[in-house]
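Residue numbers (the numbering used here): 80 to 275. Yeah, the Cβ is synthetic: ideal placement off N, Cα and C, and Gly gets one too. Structure first, commentary second.
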Amino acid sequence: MADTETKIADAGAAGWIANSIVCFMAWAYLCGFVDSKALLPMALVSFGCTISYLSAGVSLVKLGDLVGGVTWLYFASFFGFANGLTYALNFFAPIYHWVIDPKILGYEWAILGVMLIFTTPVFLKFAPASGTIALIGADIGVCALALVYLGYSSKAVVLTSAWGLFVTGFFGVIMAGGLILNSAGIKFPMGKVLLK
């Protein structure tokens, strides 16, 4: 009798790749390396990243990893899709003279920051060091971004967000590469678990 059970692999690396792309784009924008002309391409790329986030989230939930799966699923919703809509809105608003109040996004990012902080102990106990460092960078970057949207947008707060997201993106690349290589039997050091 043939095995009819559907097999699924851990697609978490796709989530890390998407997250690194989203974080590096935000870092470049917040640091002023690109300007508002980059917002529309950033929107389109964020929409594309939503697919990777969703794939990672669904695969991990199916494999029984609720923390990883739910994290990638809300990243799909907010870091990918909603972020893409926000970039597009910010691109078109000055063209069509739309008046928007971005402070409402501060509340969204504050909730996301709190959720990331709740997830941090799990990463400290179970994830490789590079994943934990990426998450701590996101904790800092996302919480600082919430402050920026809420109107506390001093240069220091903007750059704190930018560089927190850079750290997340950088260590996310290490996580993605490590997960892909390790799945093929090639050992790649991602660092040991930080808390035992």
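With contacts defined by Cβ atoms closer than 8 Å, A92 and I259 form a contacting pair. The residues A225, Y228 and L229, in chain order, have a CB closer than 6 Å to that of G185 in the same chain once the five nearest residues on each side in sequence are set aside. For a cut-off of 8 Å, the C-beta gap from W95 to M254 is around 4 Å, short enough to register as a contact.
In this structure, G248 sits near W106, with a CB-CB distance shorter than 8 Å. Under the 10 Å beta carbon count, A263 is surrounded by fewer than 16 other beta carbons and is classified as exposed. Between L139 and A208, the CB-CB gap reaches or exceeds 8 Å. G220 counts as buried, since no fewer than 16 other beta carbons sit within 10 angstroms of its beta carbon.
Look at E187 here: in three-state DSSP terms it is helix. The beta-carbon separation of L109 and A241, rounded to 4 Å, stays under the 8 Å limit for a contact. Assigned with DSSP and collapsed to three states, Y153 falls in helix.
Under the three-state reduction of DSSP output, D114 falls in the coil class, being neither helix nor strand.
Shown here for K182: same chain residues with a beta carbon closer than 7 Å to its own, the five before and five after excluded, namely Y228, L229 and G230 in chain order.
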